[in-house]
Amino acid sequence: MITAISQHKKIKTARLSIFSNTFLIIIKLAAGLIGGSVSIISEAIHSSMDLMAAIIAFFSVKISGLPPDKEHPYGHGKFENVSGIIEALLIFVAAGWIIYEAITKIIAPKPIDSLGIGSLVMFVSATINFFISRRLYKVAKQTDSIALEADALHLKTDVYTSLGVSIGLALIWITNLTFLDPIIAILVALLILKESFALLKKAYSPLLDTQLPEDEIAIIENTIHHHLSPEMSYHMLRTRKSGHTRYVDLHLEVPGNLSVIDSHNICDSIEEDIKNKLNHIEVYIHIEPLEQGEKI
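Given below as structure tokens:
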């Protein structure tokens, strides 16, 4: 299970994302309203979705760290997966709104003012989100948190889109082609949609108790084989993931005359070895006498 130190780090990092997104919404919205740029306003909307996602991630991280209880004997890890799905859906909503606003701007174009301020704000936004997203990804990898990874994806997308808008505004300033503004906004929305599909797939799969990735299953199987003698075997290997925690269970076939203590020691060795190779994992082994086991 995740340690108290790791849990504190997750909560602290999620809180940092809330503060940074709040600041960026304020400066983007101000720049967009002053300059009349739909691409900047679209970025403010995107950051609003990021803020909602950061708040959801913050509470899901806190809840997922709660210990197992009577109603949740396997812990609360899947709250992070639910959070990831909600965040992905928020991205869909944001992208749809951006496309709507951009099409409206194409049909009824308006002049854009304060291009220099707009470009500067977008560059500042990209810089801040670059460092915040790196921090989020780092902690997400350390703690295997889908909620923080989803939040990091939001900000990573924001980095690319902010840079795109900044470059677009610079091109408008050079060429005076204002139609570039809504076109850039649509491209921003399409990029957001692409990223959200990947996030939705990753967050949704564990809710269906999909097995662990093939490379992780290979590690588990190789570890088990390493501890088996020629007269031993195993079957019914099952894997799944809940939040940051991986779950593995299997039936281990041992000689019928092997003592309970020896069988227990073998199970302990397998469990410890697997836990040394994969983080945040719980292993459950059921012992069966070899002559009654059904080999696969």
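In case it helps, the numbering used here puts the sequence shown at residues 6 to 301.
Backbone N, C-alpha and C define an ideal beta-carbon position, used for all residues, glycine too.
Membership of residue 240 in the beta strand (DSSP E) is indicated by the continuous run 238-247. In the same chain as residue 81, and ignoring 5 residues on each side of it, the C-beta atoms closer than 6 Å to its own belong to 68, 69, 71, in chain order. Residue 229 and residue 199 have their alpha carbons spaced roughly 39 Å apart. Linking residue 223 to residue 33 through their CA atoms gives a straight-line distance of about 47 Å.
DSSP places residue 214 in the coil class of the three-state scheme, outside both helix and strand. The Cβ atoms of residue 292 and residue 275 do not sit closer than 9 Å to each other. Between residue 48 and residue 193, the C-beta spacing is below 9 Å. Residue 131 sits close to residue 171, with the two beta carbons spaced by under 9 Å. As computed with DSSP, residue 294 is found in a beta bridge with 259. Counting along the chain, the unbroken alpha helix (DSSP H) around residue 270 starts and ends at 265-282. Distance from the CA of residue 152 to the CA of residue 205, rounded to the nearest whole angstrom, comes to 12 Å. Contact between residue 74 and residue 160 fails: their C-beta atoms lie close to 33 Å from each other, not under 8 Å. When secondary structure is reduced to three states using DSSP, residue 287 falls in the strand class.
Counting the other CB atoms within 10 Å of its CB gives residue 214 a total below 16, which places it among the exposed residues.
Taken in chain order, the whole alpha helix (DSSP H) runs of length 4 or more contained in the stretch 122-196 are 151-180.
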